[in-house]
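**Student:** A single structure is presented below for examination.
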Amino acid sequence: MKGLSVLNLYAPRVQGLILVLVGSMTFLAFLYAAILSKLLPPSEYYFVAAIQNDRCLFIPSTINIILIVLQLKLTASWKSIQKRNGPF
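Right under this line is the structure:
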(Lines of atoms letter the chains of each structure in order from A; the text may use other names.)
(Lines give C-alpha, C1' and ligand atoms only; values in the text may rest on other atoms or scores of the structure.)
Protein backbone atom coordinates (compact mmCIF):
# COMPACT_ATOMS: atom_id res chain seq x y z
CA MET A 14 0.00 0.00 0.00
CA LYS A 15 2.83 2.37 0.77
CA GLY A 16 4.28 2.04 -2.74
CA LEU A 17 0.97 3.12 -4.23
CA SER A 18 0.98 6.39 -2.30
CA VAL A 19 4.50 7.13 -3.56
CA LEU A 20 3.27 6.73 -7.15
CA ASN A 21 0.37 9.09 -6.46
CA LEU A 22 2.83 11.60 -5.02
CA TYR A 23 4.94 11.73 -8.20
CA ALA A 24 2.09 11.52 -10.74
CA PRO A 25 1.65 15.32 -11.09
CA ARG A 26 5.40 15.75 -11.63
CA VAL A 27 5.43 13.10 -14.34
CA GLN A 28 2.42 14.69 -16.02
CA GLY A 29 4.09 18.08 -15.85
CA LEU A 30 7.30 16.68 -17.29
CA ILE A 31 5.39 15.11 -20.17
CA LEU A 32 3.63 18.42 -20.88
CA VAL A 33 6.94 20.31 -20.83
CA LEU A 34 8.54 17.77 -23.18
CA VAL A 35 5.62 17.89 -25.63
CA GLY A 36 5.65 21.69 -25.52
CA SER A 37 9.40 21.76 -26.13
CA MET A 38 9.11 19.36 -29.06
CA THR A 39 6.29 21.46 -30.54
CA PHE A 40 8.36 24.61 -30.14
CA LEU A 41 11.39 23.04 -31.82
CA ALA A 42 9.24 21.78 -34.71
CA PHE A 43 7.77 25.27 -35.10
CA LEU A 44 11.23 26.85 -34.98
CA TYR A 45 12.50 24.52 -37.70
CA ALA A 46 9.42 24.90 -39.92
CA ALA A 47 9.12 28.67 -39.53
CA ILE A 48 12.73 29.84 -39.51
CA LEU A 49 15.50 27.30 -39.92
CA SER A 50 14.11 25.44 -42.95
CA LYS A 51 13.88 28.72 -44.88
CA LEU A 52 17.57 29.47 -44.26
CA LEU A 53 18.85 26.07 -45.41
CA PRO A 54 19.56 25.26 -49.07
CA PRO A 55 16.84 23.32 -50.94
CA SER A 56 16.74 19.68 -49.94
CA GLU A 57 16.45 16.65 -52.21
CA TYR A 58 14.38 14.76 -49.63
CA TYR A 59 10.66 15.07 -50.32
CA PHE A 60 9.55 15.49 -46.69
CA VAL A 61 12.15 18.17 -45.87
CA ALA A 62 11.45 19.98 -49.16
CA ALA A 63 7.73 19.95 -48.37
CA ILE A 64 8.42 21.59 -45.00
CA GLN A 65 10.70 24.18 -46.62
CA ASN A 66 8.08 25.13 -49.22
CA ASP A 67 5.08 24.89 -46.90
CA ARG A 68 2.97 27.90 -46.12
CA CYS A 69 -0.13 26.07 -44.79
CA LEU A 70 1.51 24.62 -41.67
CA PHE A 71 2.79 27.97 -40.44
CA ILE A 72 -0.46 29.29 -38.93
CA PRO A 73 -1.50 26.07 -37.11
CA SER A 74 1.95 25.71 -35.58
CA THR A 75 1.88 29.36 -34.53
CA ILE A 76 -1.43 28.76 -32.75
CA ASN A 77 0.16 25.93 -30.73
CA ILE A 78 2.98 28.19 -29.58
CA ILE A 79 0.54 30.95 -28.63
CA LEU A 80 -1.51 28.49 -26.55
CA ILE A 81 1.60 27.22 -24.75
CA VAL A 82 2.75 30.76 -23.90
CA LEU A 83 -0.76 31.66 -22.74
CA GLN A 84 -0.90 28.58 -20.50
CA LEU A 85 2.48 29.44 -18.96
CA LYS A 86 1.36 33.03 -18.36
CA LEU A 87 -1.90 31.94 -16.72
CA THR A 88 -0.09 29.39 -14.56
CA ALA A 89 2.42 31.99 -13.41
CA SER A 90 -0.40 34.42 -12.60
CA TRP A 91 -2.31 31.76 -10.65
CA LYS A 92 0.77 30.79 -8.66
CA SER A 93 1.47 34.41 -7.74
CA ILE A 94 -2.14 34.89 -6.62
CA GLN A 95 -1.97 31.74 -4.49
CA LYS A 96 1.31 32.84 -2.94
CA ARG A 97 -0.14 36.22 -1.97
CA ASN A 98 -3.55 35.08 -0.71
CA GLY A 99 -2.83 31.61 0.58
CA PRO A 100 -4.00 28.31 -0.88
CA PHE A 101 -7.75 29.13 -0.89
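Going by the working numbering, the first residue of the sequence shown is number 14, and it counts up by one from there.
For each residue, glycine too, the CB sits at the ideal point set by N, CA and C.
Determine the DSSP secondary structure at S102, reduced to helix, strand or coil.
**Tutor:** Absent from the model: residue 102. The displayed extent of the chain is 14 to 101, so no value can be given.
**Student:** Based on Cα-Cα distance, which residue from G29, M38, F60, I64 lies nearest to L49?
**Tutor:** Ranking the options by Cα distance to L49, first place goes to I64.
**Student:** For F43, does the count of other Cβ atoms within 10 angstroms reach 16, so buried, or fall short, so exposed?
**Tutor:** F43 is buried by the Cβ-count criterion.
**Student:** Here's a check: name, in chain order, each residue in its chain whose Cβ is nearer than 6 Å to the Cβ of T39, leaving out the five neighbours to either side.
**Tutor:** Result list for T39: N77, in chain order.
**Student:** Quick one: what's got a C-beta closer than 8 Å to Q84's C-beta in the same chain, skipping five residues either side?
**Tutor:** Answer for Q84: no residue qualifies.
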